[in-house]
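Since the structure comes first, as C-alpha cells, the remarks are kept for the end.
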Amino acid sequence: MRGHTFLAPSRLRATTASLIRSTSTTTFSKLPSFSVTLSNNKFTKPFTSNFYTTTSKMSSTQISANAVLDLIKQRRTYYPLSKDLGSLTTERINEIVKEALQHVPSSFNSQSNRVVVLFGAEHEKLWDITTETLKAIVPEDSWASTAGRMAMFKGAAGTILFFEDETVVKGMQEKFALYADRFPIWATQSDAMLQHTLWVALEAEGLGANLQHYNPLIDAKVAETWSVPESWKLNAQLVFGGKTGDAGEKAFDPVEAKFKTFGSA
Ligand SMILES: Cc1cc2nc3c(=O)[nH]c(=O)nc-3n(C[C@H](O)[C@H](O)[C@H](O)COP(=O)(O)O)c2cc1C
1 MRGHTFLAPS RLRATTASLI RSTSTTTFSK LPSFSVTLSN NKFTKPFTSN
51 FYTTTSKMSS TQISANAVLD LIKQRRTYYP LSKDLGSLTT ERINEIVKEA
101 LQHVPSSFNS QSNRVVVLFG AEHEKLWDIT TETLKAIVPE DSWASTAGRM
151 AMFKGAAGTI LFFEDETVVK GMQEKFALYA DRFPIWATQS DAMLQHTLWV
201 ALEAEGLGAN LQHYNPLIDA KVAETWSVPE SWKLNAQLVF GGKTGDAGEK
251 AFDPVEAKFK TFGSA
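The letter at position 175 of the sequence shown is residue 175 when you use full-length UniProt numbering, and the numbering goes up by one with no holes.
Structure follows, in C-alpha cells:
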C-alpha cells in the first residue's frame, strides 16, 4: 500500500458527496478536464448513484479526476465475503449493472458485452455447479483446499457473470474485414472495462468483490442452467458481498518503471 491513501467507504462517500455538493453550481475551469453530467438536485445517495445515472436531461458539472481515482484506488480484492448487502437491494445492484453495461465503451460501439447477475439461491447454484465440475478433475489430495475455496465463494451474496457475444464479434469481422483479427481482442477488452467499472461501483456502494475465472470449465452447465445463448462466451465471474475483513497487502512496482511521457502543453 506504499504511497496510497485508502479511504473507508463511508468516508469516501462523504468526501465525494461533499465534493459534488460544493461544485454543483460552479464550474471550475482550472480543474482537470474530466467532466460528467450529474443529477445535482439531491445528494442523499452516494456519488456513484449519480455517476451511473447520467442522462442528457441533467445539468452539467465538472468534478476533479481525484474523485474517480479515489474510487479506483479504493477497489480491492476481498475474500471471504458475506451475504450481507447492507441497505442495497437486488434492484439497485441490477440498476448499477445495467447502467454500466449501457455506458461502458466497445469497439465501433459494437456492444458485445453481456451479463447475468445471480443472487441468493441462484448464486449458490453457480458455486455448486463449479464445485461438482472441479470435483471430477481435481486430485483427491488437493481437493480440501479447492472445496474450501468453493464454500467461500458460495458464502458470498451474489455473482456477476461476464460474457461477450460471439455473434456480435463475428458480425463486426464480416463488416470490417480489415480489422477481423482485432475484434475478438477488442471485445475482451471492452468486457474487462465493464468488469472493472462494476468492481469499482460495488466498492463505492460499500460492498466487497473478487474476480474469478472458472470458464471454460463451467460454460456448458452455466448456459444450460440459465438459458444463456450459445453465442455468449463466458469471460469472468465477479463474486460480491459484504466485506468480512481488510484486503490483503498489495505491493506496487515503482510507477517510473511503468510510465513514460513526452512533450509539454
Ligand atoms: C484479469 C484479471 C484476472 C484475475 N483472475 C483472478 C482469479 O482468477 N482469481 C482470483 O482470486 N483473483 C483474480 N484476480 C485478482 C487479482 O489477483 C488482484 O486484482 C491483484 O492481485 C491485485 O489485487 P487487488 O485486486 O486487491 O488490487 C484477477 C485480476 C485480474 C485483473
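C-beta atoms are modelled at their ideal positions from N, C-alpha and C, and glycine is treated no differently.
Pair within 7 angstroms by beta-carbon distance, residue i and residue j
i	j	result
residue 233	residue 166	yes
residue 195	residue 212	no
residue 197	residue 100	yes
residue 183	residue 172	yes
residue 138	residue 131	no
residue 97	residue 117	yes
residue 242	residue 141	no
Pairwise C-alpha distance: residue j and residue i
i	j	result
residue 246	residue 78	7 angstroms
residue 230	residue 180	21 angstroms
residue 121	residue 248	29 angstroms
residue 151	residue 227	25 angstroms
residue 223	residue 91	23 angstroms
residue 206	residue 107	31 angstroms
residue 125	residue 262	52 angstroms
residue 11	residue 259	Residue placement at residue 11 cannot be trusted, given a pLDDT of 40 that sits under 50; what the coordinates show is reported in the next sentence. The alpha-carbon atoms of residue 11 and residue 259 are separated by roughly 30 angstroms.
residue 176	residue 185	14 angstroms
residue 89	residue 174	42 angstroms
residue 189	residue 102	15 angstroms
residue 75	residue 69	10 angstroms
residue 87	residue 93	11 angstroms
Beta-carbon contacts of residue i that lie in its chain and below 6 angstroms, excluding the five residues immediately before and after
i	result
residue 191	113, 162, 164, 235
residue 244	80, 82
residue 187	112, 164, 169
residue 253	none
residue 123	158, 159
residue 143	none
residue 217	133
residue 26	No answer about residue 26 holds up, because its pLDDT of 29 lies below 50 and its placement is not dependable.
residue 153	127, 239
Neighbourhood of residue i by C-beta distance below 7 angstroms, restricted to the same chain and skipping five residues each side
i	result
residue 202	209, 240
residue 72	200
residue 110	168, 172
Identity of the residues DSSP links to residue i by a beta bridge
i	result
residue 163	114, 234
residue 277	This structure does not reach residue 277, given that the chain is present from 1 up to 265, and the question cannot be answered.
residue 108	Paired residues: none, contrary to the question.
residue 64	According to DSSP, residue 64 bridges with nothing at all.
residue 158	119, 240
residue 81	243
* Pick out every residue whose C-beta is nearer than 6 angstroms to a heavy atom of ligand 1: which are they, in chain order? -> 76, 77, 210, 211, 212, 213, 247, 250
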